[in-house]
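Asks: In our numbering, each number is its position in the sequence shown, counted from 1, plus 238.
In this text, a Cβ means the ideal position worked out from N, Cα and C, and glycines have one as well.
On a predicted model such as this, the values are computed, not experimentally measured, just so you know.
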Amino acid sequence: MIQFLRFSPLFLLLAAAFILPTSTSAQPVVRESFQAWQIQCETPTGSPTELCALVQNVAAVDRPNVELRVTIVKTLDGGAHILRVAVPLGVLLDGGLGLRIDDTDIGTADFARCLPSGCYVEMIMDQDLVNTLSSGQTAWFVIFQTPDEGIGIPIELPGFAEGFAELN
């Protein structure tokens, strides 16, 4: 269900607007909210095209300093959606990022890169994943600080289906 990505440099540059803070780009504008999910839009500097994303930010229940940002964007050709998860620096990269939706283990994805703003996982969303997220109640993203210490960070799924439909 999890597919790893290869994208053109132009796509990565434009999509980076949603994951990398820059001094030349305005803050994204919240267009609409769907419970814990938001549609955020911005026009990257030098781009004529506004980019929108479905976003949710959360912190671990027992560790408020461990925050996670889930961002869903459409590819520039509109043919696919990308699930991008940003986690804080200091996570164990070898453990990857685990995903469990309600009682179903979805899998683990490797981190694509780490930057001063955090570490990132990116994956193409297939229809099965979209359906599971749309019908689920809670998604647990699991990061590791040590090989034995996993931290589950819950993401609320009510409102996802409506937000995803609006993103399209």
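1) Label A291 either buried or exposed according to how many other C-beta atoms from any shown protein chain fall within 10 Å of its C-beta, with 16 as the threshold for buried.
2) Using a Cβ-Cβ cut-off of 6 Å (strictly less than) and excluding sequence neighbours within five positions of N295, which residues of its own chain qualify?
3) By how many angstroms is the C-alpha of P302 removed from the C-alpha of Q365?
4) Starting from the N-terminal side, write out each stretch of the beta strand (DSSP E) that is 3 residues or longer and does not extend beyond the segment 360-401.
5) Taking DSSP as the reference, what is the three-state secondary structure of D341?
6) Look at the Cβ atom of G374, then the Cβ atom of I339, and state whether they are nearer than 7 Å.
7) Per DSSP, S271 is paired with what?
8) Where does E288 sit, in a helix, a strand or coil, going by DSSP?
9) Which residue's Cα is closest to the Cα of V304: V268, D332 and P392?
10) Within a Cβ cutoff of 7 Å, which residues of the same chain sit near A350, ignoring the five residues on either side of it in sequence?
11) Mapping the DSSP letters down to three states, classify D347 as helix, strand or coil.
12) Quick check: what's the CA-CA separation for L460 versus G390?
13) Looking at the secondary structure, which residues open and close the beta strand (DSSP E) in which L321 lies?
14) For F379, which option in D341, L289, V311 and T283 has the closest C-alpha, if you only look at C-alpha atoms?
15) Taking the Cβ atom as the reference point for each residue, do G356 and A377 lie within a distance shorter than 7 Å?
16) Quick one: what's got a C-beta closer than 6 Å to E394's C-beta in the same chain, skipping five residues either side?
17) Give every residue of the same chain whose Cβ lies closer than 7 Å to the Cβ of A297, excluding the five residues on either side of it in the sequence, and list them in chain order.
Replies: Considering the structure as presented:
1) Sixteen is the threshold: when 16 or more other Cβ atoms of the shown chains lie within 10 Å of the Cβ of A291, as they do, the residue is buried.
2) Taken in chain order, the residues that qualify are R307.
3) Between Q365 and P302, the alpha-carbon positions lie close to 32 Å from each other.
4) Within the segment 360-401, complete beta strand (DSSP E) segments of at least 3 residues are found at 376-384 and 387-394, given in chain order.
5) Residue state for D341 is assigned as coil, using DSSP reduced to three classes.
6) Against a cut-off of 7 Å, the Cβ pair of I339 and G374 comes out as a contact.
7) Beta-bridge annotation (DSSP): S271 is paired with Q276.
8) Coil at E288, not helix or strand.
9) Ranking the options by Cα distance to V304, first place goes to P392.
10) If we look at A350 and ignore the five residues flanking it on each side, its Cβ neighbours are Y358, V359 and E360.
11) As written in the sequence, residue 347 is Ala, which differs from the Asp given in the question. Residue state, collapsed to three classes: strand.
12) Summary: the structure shown does not reach residue 460, with the chain confined to residues 239 through 406, and so no result is reported for it.
13) Its beta strand (DSSP E) spans residues H319 to V325.
14) The residue with the shortest Cα to Cα distance from F379 is D341.
15) No, Cβ-Cβ distance for G356 and A377 is not below 7 Å.
16) Excluding its 5 nearest sequence neighbours in each direction, E394 has C-beta neighbours in its own chain below 6 Å: A274, listed in chain order.
17) Excluding the 5 residues flanking it on each side, A297 has same chain C-beta neighbours closer than 7 Å at V304 and E305, in chain order.
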